[in-house]
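For reference, the structure discussed in these notes is given below.
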Amino acid sequence: MRDFFDDIPIRLRRERSHTSASGRPFVLALVLCLVAGTLIILDRQGVITPIRLLVQQGVTPAAQALTGLRDQALDLVGAPRNAASLRAQISALEQENSQLKADNLRLQQSQVENASLRQQLQIQREQPWRLLGADVTVRPADAGRRVMTIAKGTTDGVQLGMAVIGQNPGGPAALVGIIESTGAHTAEVLLITDFSSQVSARIIHAGQAGLGLVQGQWQLGSRLRLGQIDRSTQIVHGDAVVSAGLTGSMRIPLDLAAVPANIPIGSVETVSASGQEQSAELRPFVDPDQVRYVWVILNQDA
Amino acid sequence: MGDSQPRRLEELLARELGLILCIGALALAQVTLLPTPLGFSAPLILVLAICRTLIGVGSAFPDIGVIRGLRWSLYGGLSLDILAATPLGSHALATLLATFAVTVLTRRLRIEGPLLPILAVCVGSLIYEVVLALLLQPGPINWVSTVQVALVPGVLVALILTLPVFFVLRWMLRAQL
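For the protein sequence lines, the chains are A and B, in the order given.
As numbered in the working numbering, the first sequence has no gaps in its residue numbers, which increase by one up to the final residue, 302.
As numbered in the working numbering, the second sequence has no gaps in its residue numbers, which increase by one up to the final residue, 1177.
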């Protein structure tokens, strides 16, 4: 391996201790920067995107294996070492807790609906979303964009704009992100915490449901912010926020389709008011950085 | 005698391919094995490229050393773009600019001791994060938040990697010093 790093061993160094630097590296740097700039433009225009996705697809199995290895190592480090039964009990309690929280949220949503909407909701429940499970292969690589790659693509039925949900131990299944681009066997998910992610939402409070817009805030130092809420809407700490299913009709500058209604997103942490609007900081039900396995909602019309 | 030229070319191509594969494997390790609790990976490729350039600047033939550093930056940046689902060339441009700035700032300095690598990585990763923010963040950038959330944590994580990477790399490339 050293050969590749040290491709031409310089044996004459003692004879030529200091060679004056020429302009060659600067010219090369300029050329390489131009090449990189050209690639960015071509990728943004979609010219070379298929090639990138093809290569990405090729490395997915290795990435998946390495991510699994890391997760196993983390599990090994973080797991209690003395009592298997304790772990089983904790797992059972977490499942029960998760079920209770999901039930509670569903109950709050039900109270909001009037009789006709209840009927519609009942139909929706009788026809649950069709889910597709997928491993997370690559998590965000740096502090730039909040995007992750999953090991399912167009051949599995994944399409642009589909909602992706996840579940943390002890919490309800909730929105993690939206499919932003797809390859044959992989797809990229724009996380809801990214600044460019916007999803229409409803705040469930005392039998009423106000509308708002959830925007990612990771690049701004927090997780999620619920904005564009009417001043008259009552919101308090702990109110649950779910998707409204209106994203497609809000003409948001984001070429994504609609997110189905009633997907849990998060709960209200703090509320602030400005002018005729108010906004709230949200704590997501699922931390997108922690999920290892997600589900794509294939049935967007549910 | 007549075969020496093609064999040389094949050897060069094989070496270059080997280098690309090695850097690609390191980029894969960055995005899969090195995520931090801060929500992003430790910038191994950036630190490697800067350290390689510094070692190149301090070698007997600085031009060749710097060119190798630039090649590492390009290959590493493109590998990250492929793995991290960012527009192809964005990480490459950020890493190249960081490496180039380090070259300009250090070309007349003597590369000794741990202080210069730390300062170089500090400056390089600041440039890297700023370029990435400009390329990848949509709309107007809130610089105060970007500094708090991306720049400062990113630079600190890079600094943690700097000395181990620099000294291991210098040991591996000791034939050029």
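For glycine and all other residues, C-beta sits at the position ideal for the given N, C-alpha and C.
Exposed unless 16 or more other CB atoms sit within 10 angstroms - verdict on residue i
i                  : result
HIS237 of chain A  : exposed
THR1032 of chain B : buried
THR67 of chain A   : buried
TYR293 of chain A  : exposed
ALA209 of chain A  : buried
GLY1077 of chain B : buried
GLN99 of chain A   : exposed
PRO172 of chain A  : buried
SER85 of chain A   : exposed
PHE1100 of chain B : buried
ASP103 of chain A  : exposed
GLU180 of chain A  : buried
ALA1175 of chain B : exposed
GLY144 of chain A  : buried
ILE150 of chain A  : buried
ILE297 of chain A  : buried
SER22 of chain A   : exposed
ALA235 of chain A  : Looking at the sequence provided, one finds Ile at residue 235 of chain A rather than Ala. The residue in question, ILE235 of chain A, is buried, as its Cβ has 16 or more Cβ neighbours within 10 Å.
ILE51 of chain A   : exposed
Cβ-based neighbour list, residue i, same chain, cut-off 8 Å, excluding 5 preceding and 5 following
i                  : result
ASP1081 of chain B : PRO1087, LEU1088, GLY1089, SER1090, HIS1091, ALA1092
ILE1141 of chain B : ALA1133, LEU1134
TRP295 of chain A  : LEU131, LEU132, GLY133, ALA134, VAL164, ILE165, GLY166, ALA173
GLY245 of chain A  : SER200, ALA258, VAL259, PRO260, ALA261, ASN262
In DSSP terms, what residue i is bridged to
i                  : result
THR230 of chain A  : First, the residue type needs correcting, since residue 230 of chain A is Asp and not Thr in the sequence shown. BP columns for ASP230 of chain A point to A:GLU277.
TRP295 of chain A  : A:GLY133, A:ILE165
ILE203 of chain A  : A:GLY210, A:VAL241
LEU191 of chain A  : A:GLY177
GLN198 of chain A  : A:GLN215
LEU224 of chain A  : A:GLY216, A:LEU282
THR182 of chain A  : A:ALA187
GLY266 of chain A  : A:VAL241, A:PRO284
ILE150 of chain A  : A:VAL136, A:ALA187
SER272 of chain A  : A:SER279
PRO1035 of chain B : B:SER1041
Contact set for residue i: own chain, Cβ-Cβ below 6 Å, skip 5 residues either direction
i                  : result
VAL259 of chain A  : ALA163, VAL199, SER243, THR247
THR311 of chain A  : Absent from the structure is residue 311 of chain A, since the part of chain A shown begins at 1 and ends at 302.
GLY1024 of chain B : SER1079
GLU94 of chain A   : PRO169, GLY170
GLY216 of chain A  : ILE192, THR193, ASP194, PHE195, SER197
PHE1167 of chain B : none
LEU266 of chain A  : In the sequence under discussion, the amino acid at residue 266 of chain A is Gly, which differs from the Leu named in the question. LEU224, VAL241, LEU282, ARG283, PRO284, PHE285.
Neighbourhood of residue i by C-beta, 7 Å cutoff - its chain only, sequence neighbours within 5 removed
i                  : result
GLU1011 of chain B : none
ASP956 of chain B  : No answer is possible for residue 956 of chain B: it lies beyond the span of chain B, which begins at 1001 and ends at 1177.
ALA1150 of chain B : GLU1129, ALA1133
PRO1035 of chain B : SER1041
GLN228 of chain A  : GLY212, LEU213, GLU277
VAL291 of chain A  : VAL136, GLY166, VAL176
SER279 of chain A  : ARG225, LEU226, GLY227, ILE229, SER272
ARG222 of chain A  : In the sequence as presented, Arg is not what sits at residue 222 of chain A; that position holds Ser. Result list for SER222 of chain A: GLU281, in chain order.
(request) Select from the region 217-231 of chain A all residues with a C-beta closer than 8 Å to any C-beta belonging to chain B, and list them in chain order. (result) TRP218, GLN219, LEU220, GLY221
(message) Which residues of the region 1053-1073 of chain B have a Cβ closer than 8 Å to any Cβ of chain A? Give them in chain order.
(response) SER1059, ALA1060, PHE1061, PRO1062, ASP1063, ILE1064, VAL1066, ILE1067, ARG1068, LEU1070, SER1073
(request) Answer yes if the region 62-75 of chain A comes into contact with the region 1110-1129 of chain B, meaning at least three C-beta pairs across the two stretches below 8 Å, and no otherwise. (result) No, the region 1110-1129 of chain B is not in contact with the region 62-75 of chain A.
(message) Against chain B, which members of the region 28-48 of chain A pass a CB distance test of less than 9 Å?
(response) Taking 9 Å as the cut-off between beta carbons, the residues of the region 28-48 of chain A near chain B are LEU28, ALA29, LEU30, LEU32, CYS33, VAL35, ALA36, GLY37, THR38, LEU39, ILE40, ILE41, LEU42, ASP43, ARG44, ILE48, in sequence order.
(request) Flag this pair as touching only if the region 179-187 of chain A and the region 1095-1105 of chain B have three or more C-beta atom pairs under 8 Å; answer yes or no. (result) Contact fails between the region 179-187 of chain A and the region 1095-1105 of chain B, because fewer than three Cβ pairs, one in each stretch, are under 8 Å apart.
(request) Please determine if the region 1038-1052 of chain B and the region 1062-1072 of chain B are in contact, where contact requires at least 3 C-beta pairs separated by less than 8 Å. (result) yes
(request) Pair every Cβ in the region 1016-1024 of chain B with every Cβ in the region 165-183 of chain A, then say whether three or more of these pairs are closer than 8 Å. (result) no
(request) Return the residues of the region 151-170 of chain A that lie within a Cβ-Cβ distance of less than 7 Å from chain B, sorted by chain order. (result) none
(request) Note down, in chain order, all residues in the region 176-200 of chain A with a beta-carbon under 7 Å from any beta-carbon belonging to chain B. (result) GLU188, PHE195, SER196
(message) Is it the case that the region 149-163 of chain A contacts the region 128-137 of chain A, given that we only count it when at least three CB pairs across the two stretches are under 8 Å?
(response) yes
(message) To be precise: take each residue of the region 1128-1150 of chain B, compare its Cβ to all Cβ atoms of chain A, and keep it if any distance is under 9 Å. Which residues remain?
(response) Cβ contacts with chain A come from TYR1128, GLU1129, LEU1132, ALA1133, LEU1135, LEU1136, GLN1137, PRO1138, GLY1139, ILE1141, ASN1142, VAL1144, SER1145, THR1146, GLN1148, VAL1149, ALA1150.
(request) Note down, in chain order, all residues in the region 55-69 of chain A with a beta-carbon under 8 Å from any beta-carbon belonging to chain B. (result) VAL55, GLN56, VAL59, ALA62, ALA63, LEU66, THR67, LEU69
(message) Against chain B, which members of the region 267-300 of chain A pass a CB distance test of less than 7 Å?
(response) Against chain B - using a Cβ distance shorter than 7 Å - the residues of the region 267-300 of chain A are ASP289.
(request) Residues of the region 1101-1114 of chain B with a CB closer than 7 Å to any CB of chain A: list them in chain order, please. (result) Listed by position along the chain: THR1103, ARG1107.
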